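*Asks:*
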Amino acid sequence: MAYQPPKQGFVGQIVDVAVLLVMTVGALYIPLYLGLAGAAKTPRPIENPTWEALGQNAAEQAQWQALGIADPAAASDIVTARFDYSFSWAALLVMAVLVIGYFVLVVRLSDKEYRDVIAERFDRK
Amino acid sequence: MDVWNILEYCAWALAVLFGGHMLIDLARVDSTYDNDLLTSSREGEIELTQELHKL
Amino acid sequence: MTLSSAEPTVQAQASTQGGERLQLLRVLGPGHVWALGVGIVLVGEYMGWNFAVGKGGMIAGLVACWLAGLLYTCVAMIDSEVTSTVAAAGGQYAQAKHIVGPLMAFNVGLFLVMAYTMLEAANAITIGFLLDTVAGLQGHSGLHQPPFIVLTVVFLAWLNYRGVLATLTFNLVITAIAFLAIILLFVSVQLGASHVPLDFSAISTDPLPYGWLGILAALHFGLWYYLGIEGTCQAAEEVRSPARSLPYGTMAGIMTLLIAATLTWYVCSGLIPWEYLGQAGTPLFDAARVTGSTPLMVLLFIGTIFSTLASANGCINDASRAWFSMGRDRYLPSWFGAVHPKYRTPYRSIVFLVPIALIFALGAPLDQVVTFSILSGLLGYTFMTFNMVMFRRKWPLGTIKRGYVHPFHPFPAILLLLICAATYFAVFLGYGSQLIAMMCFYILASLWFHFWRYRFVRRGDQFTMPWPRPQGC
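Protein chains in written order, with full-length UniProt numbering: chain E, 1 to 125; chain S, 1 to 55; chain R, 1 to 473.
1. Between which residues of its own chain and GLY18(R) is the CB-CB distance below 6 Å, once the five residues before and five after are set aside?
2. Does DSSP classify LEU28(R) as helix, strand or coil?
3. Is ARG28(S) close to chain R? Criterion is C-beta to C-beta, closer than 8 Å.
4. In angstroms with no decimal places, state the Cα-to-Cα distance between ALA202(R) and LEU271(R).
5. Indicate whether at least one CB of chain E lies closer than 8 Å to the CB of ARG393(R).
6. So is VAL11(E) in contact with chain R if we call contact Cβ pairs under 8 Å?
7. Please report whether the beta-carbon of SER31(S) lies at a distance below 8 Å from any beta-carbon of chain R.
8. Going by beta carbon distance, what residues of the same chain come within less than 7 Å of LEU219(R), once the five residues before and after it are set aside?
9. Start and end of the alpha helix (DSSP H) containing HIS220(R)?
10. Given this structure, state the Cα-to-Cα distance separating LEU378(R) from LEU366(R), to the nearest angstrom.
11. Between the segment 137 to 151 of chain R and chain S, which residues of the former have CB atoms less than 7 Å from a CB of the latter, in chain order?
12. Residues of chain A with a CB under 8 Å from the CB of ARG115(E): which are they?
13. Considering only residues of the same chain and omitting the five flanking positions on each side of LEU55(S), which have a CB-CB separation below 6 Å?
14. Does DSSP put VAL369(R) in a helix, a strand or coil?
15. Looking only at its own chain, which residues have a Cβ that is under 8 Å from the Cβ of GLN234(R), when we skip the five neighbours before and after it?
16. How big is the Cα-Cα spacing for SER110(E) and PRO102(R)?
17. Among ILE182(R), ILE259(R), PHE148(R) and GLU238(R), which residue has its Cα nearest to the Cα of GLY163(R)?
18. How about HIS21(S): is its C-beta nearer than 8 Å to some C-beta of chain R?
19. How about ASP36(S): is its C-beta nearer than 8 Å to some C-beta of chain R?
20. Who are the Cβ neighbours of ALA288(R) in its own chain at under 6 Å, not counting the five residues just before and after it?
21. Considering only C-alpha positions, which residue in the set LEU258(R), GLY56(R) and GLY278(R) is nearest to TYR210(R)?
22. How about ARG321(R): is its C-beta nearer than 8 Å to some C-beta of chain E?
23. Thinking just about the alpha-carbon of each residue, which of HIS409(R), THR133(R) and THR232(R) is nearest to the one in TYR116(R)?
24. My output table needs one value for LEU444(R): the three-state DSSP class, helix, strand or coil.
25. By the DSSP assignment, the alpha helix (DSSP H) with PRO146(R) in it spans what residues?
26. With a cut-off of 8 Å on the beta carbons, I'd call residue 476(R) and VAL41(R) a contact; round off their distance for me.
27. What residues in the segment 80 to 99 of chain R have a beta carbon less than 7 Å from any beta carbon of chain S?
28. Could you give the DSSP three-state label for VAL196(R): helix, strand or coil?
29. Return the Cβ separation of LEU105(E) and SER446(R) in integer angstroms, given the expectation that the two are a contact with Cβ distance under 8 Å.
30. Once you ignore the five residues that flank TYR248(R) on each side, which residues in its own chain have a CB closer than 6 Å to its CB?
31. Which runs of the beta strand (DSSP E) fall wholly inside the segment 366 to 405 of chain R and span at least 3 residues, in chain order?
32. Below 8 Å on the Cβ atoms is my contact criterion, and I expect ALA66(E) with VAL196(R) to pass it. Report the Cβ-Cβ distance as a whole number of Å.
33. Between which two residues does the alpha helix (DSSP H) harbouring TRP49(R) extend?
34. Establish whether the CB of GLY460(R) and some CB of chain E are separated by less than 8 Å.
35. Which residues of chain R have a Cβ atom closer than 8 Å to the Cβ of PRO5(E), listed in chain order?
36. Roughly how many whole angstroms lie between the Cα atoms of VAL389(R) and VAL173(R)?
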């Protein structure tokens with residue numbers, strides 16, 4: 001006998017959409033509120049910046065000028081800014097477990113549901 | 001009040017116009033047609049008539 | 001063909017009386033598929049890819065461009081084989097439903113909707129930013145951006161609402177212009193139109209400022225060159241002959257993008273110091289500024305606006321198809337699975353996604369939105385690897401007719417998985433907390449679906465392809 005799903009009322013449909021929306025907005029804004037978001041570059045300014053000290057040759061100097069930055073001091077922050085790529089192995093491990101665990105969970109539960117689908121589709125004839 | 005301020009108001013007006021047209025049409029269609037007809041689309045129906053998966 | 005290409009209004013009336021059904025309209029050709037795929041992606045050349053240079057230096061930027069190109073060639077090959085066989089709106093969503101199972105399909109549907117809606121929001125933010133820049137150049141500081149952001153989203157949604165043929169023809173035109181703008185910039189620079197010479201000395205003086213780790217880190221934004229090309233499959237129910245047009249349009253698209261990406265890297269790296277390039281908002285427009293030629297500046301400004309519009313337009317198209325398909329299968333409330341009787345578009349989904357896109361476009365910072373989009377895309381590519389292996393295992397070659405069979409299986413799938421793993425690591429460097437928040441979101445959503453939502457879904461009806469029973473089930 002094929003599975004007969006219950007009929008969902010109008011209010012139920014709205015509640016389901018609202019639940020999904022709250023989860024989505026939450027995932028995006030929670031890291032923002034906790035101040036965990038984003039990777040920022042930090043400039044490492046040098047004393048008395050000149051184009052030579054910043055390692056810019058003649059052609060590159062002309063390019064900076066064309067971009068509207070004529071003064072080496074103004075370019076200094078952009079040129080010396082670097083990312084910090086240090087990370088903790090524990091955090092990497094947490095991430096790996098989450099990603100792999102997620103896919104294992106989804107594929108296993110899917111497989112359970114899939115067998116029902118195939119059985120109902122191919123056995124009812 | 002320069003040209004950019006005017007453009008801001010134009011943008012609001014146009015957005016309301018396009019959005020309003022969509023919403024009115026949605027309300028009109030939903031009240032004119034039967035919901036069962038509107039949601040009658042099924043996946044793979046054209047498959048049966050057009051794509052033959054036999055070798 | 002004759003059945004479904006009849007006059008839409010006439011057929012809709014016929015269906016009311018004859019108990020027939022409303023379907024999406026089959027009107028698109030391979031050119032539209034190309035426009036949908038390339039249109040979504042080309043904006044990546046106009047903004048965003050250059051953060052890869054910032055994360056690892058010039059060489060890392062180029063290596064990331066080609067590695068990501070390799071990843072996407074695998075994606076296109078794998079996707080073409082499955083899509084030319086499972087041709088249904090929702091693309092990868094329908095593939096997951098037939099090959100892996102319902103919960104996976106629900107997740108893939110969410111990946112698609114998230115990736116495209118976030119990308120659409122990012123595009124709207126960029127248009128606001130660009131207009132603000134232009135207003136600033138004309139002496140009007142502090143432009144109020146929200147009206148332009150709202151107008152972009154609402155206008156494109158309206159266009160999508162009114163019919164797919166006009167929407168994608170519009171996309172074809174503006175995408176072609178944006179692509180030509182890149183070619184023209186390259187040719188003019190080669191012919192000496194630039195007052196400032198090309199300079200690649202940073203390659204030898206400062207080859208890898210972050211070492212080899214920089215190349216890995218650059219992969220995060222290297223994806224941006226191509227992200228979204230797989231969206232071509234969303235059009236499957238609206239293409240006149242999907243088994244032929246989809247692989248054709250997708251492959252032509254990836255070739256276009258490989259050319260555009262390499263040209264863009266060459267012109268921008270030659271004309272802009274890499275330290276500036278690594279943080280520029282609109283790199284191609286900046287390259288045109290460096291040349292000192294006003295026609296080139298105007299051309300690249302138009303190119304930037306058009307590519308952004310084309311991308312947002314394609315995103316609305318794809319996100320609404322995915323949302324519509326999930327509604328049709330009752331993975332989401334069935335209310336969303338409706339087709340407009342006259343325009344034959346998934347109109348309720350299109351309207352519903354407008355405020356969602358606006359929440360993100362008006363409320364969240366750009367890099368956050370972009371990272372969310374990239375991550376959803378990345379999860380989707382990871383899914384494709386095992387999806388392909390399972391597809392060949394459940395229906396080996398010869399059991400069903402495939403429109404296209406990709407060579408060297410399973411090497412593309414393995415390669416794709418390796419590059420995906422490297423990219424997770426790249427995202428982790430710097431955006432680890434977002435990655436974890438995002439995984440928690442998908443795990444929660446999965447549990448919600450499995451234990452609550454799935455009860456409203458008809459079991460056997462989900463399998464719609466006229467295929468034999470899968471092997472081993």
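The C-beta atom is built at its ideal place from N, Cα and C for all residues, glycine as well.
All values derive from a computational prediction rather than experimental measurement.
*Replies:* On the basis of the coordinates in this document:
1. In this prediction, GLY18(R) has a pLDDT of 44, which is less than 50 and means its spatial position is unreliable; nothing more can be read from the coordinates.
2. strand
3. Put simply, the CB of ARG28(S) is far from chain R, with every gap to its CB atoms at 8 Å or more.
4. 12 Å
5. Residue-level contact check: ARG393(R) does not touch chain E, since none of the beta carbons of chain E fall below 8 Å from its beta carbon.
6. no
7. no
8. Counting only Cβ-Cβ distances below 7 Å, and skipping sequence neighbours, we find ALA64, LEU67, ALA68, ALA422, THR423 and ALA426.
9. 212 to 222
10. 18 Å
11. HIS140, LEU143, HIS144, PRO147, PHE148, VAL150 and LEU151
12. No chain A is present in this structure, whose protein chains are E, S and R.
13. Confidence is the limiting factor: at LEU55(S) the pLDDT is only 44, short of 50, which leaves the residue's position unreliable and the question unanswerable from this model.
14. helix
15. LEU36, ALA89, GLY90, GLY91, LEU112, ASN317, ASP318, ARG321 and ALA322
16. 6 Å
17. GLU238(R)
18. yes
19. no
20. LEU296, MET297 and LEU300
21. GLY56(R)
22. Answer no: the Cβ-Cβ gap between ARG321(R) and chain E never drops below 8 Å.
23. THR232(R)
24. helix
25. 146 to 161
26. Residue 476(R) is absent from the model: chain R starts at 1 and stops at 473.
27. Answer set for the segment 80 to 99 of chain R: ALA87, ALA88 and ALA94.
28. Secondary structure at VAL196(R): coil, using DSSP grouped into helix, strand and coil.
29. In this structure, LEU105(E) and SER446(R) form a Cβ contact; the two beta carbons are roughly 7 Å apart against a cut-off of 8 Å.
30. PRO30
31. none
32. Confirmed, about 5 Å.
33. That residue, TRP49(R), is in no alpha helix (DSSP H); it is neither H nor E in DSSP.
34. yes
35. ARG330, ARG455, PHE456, VAL457 and ARG458
36. 38 Å
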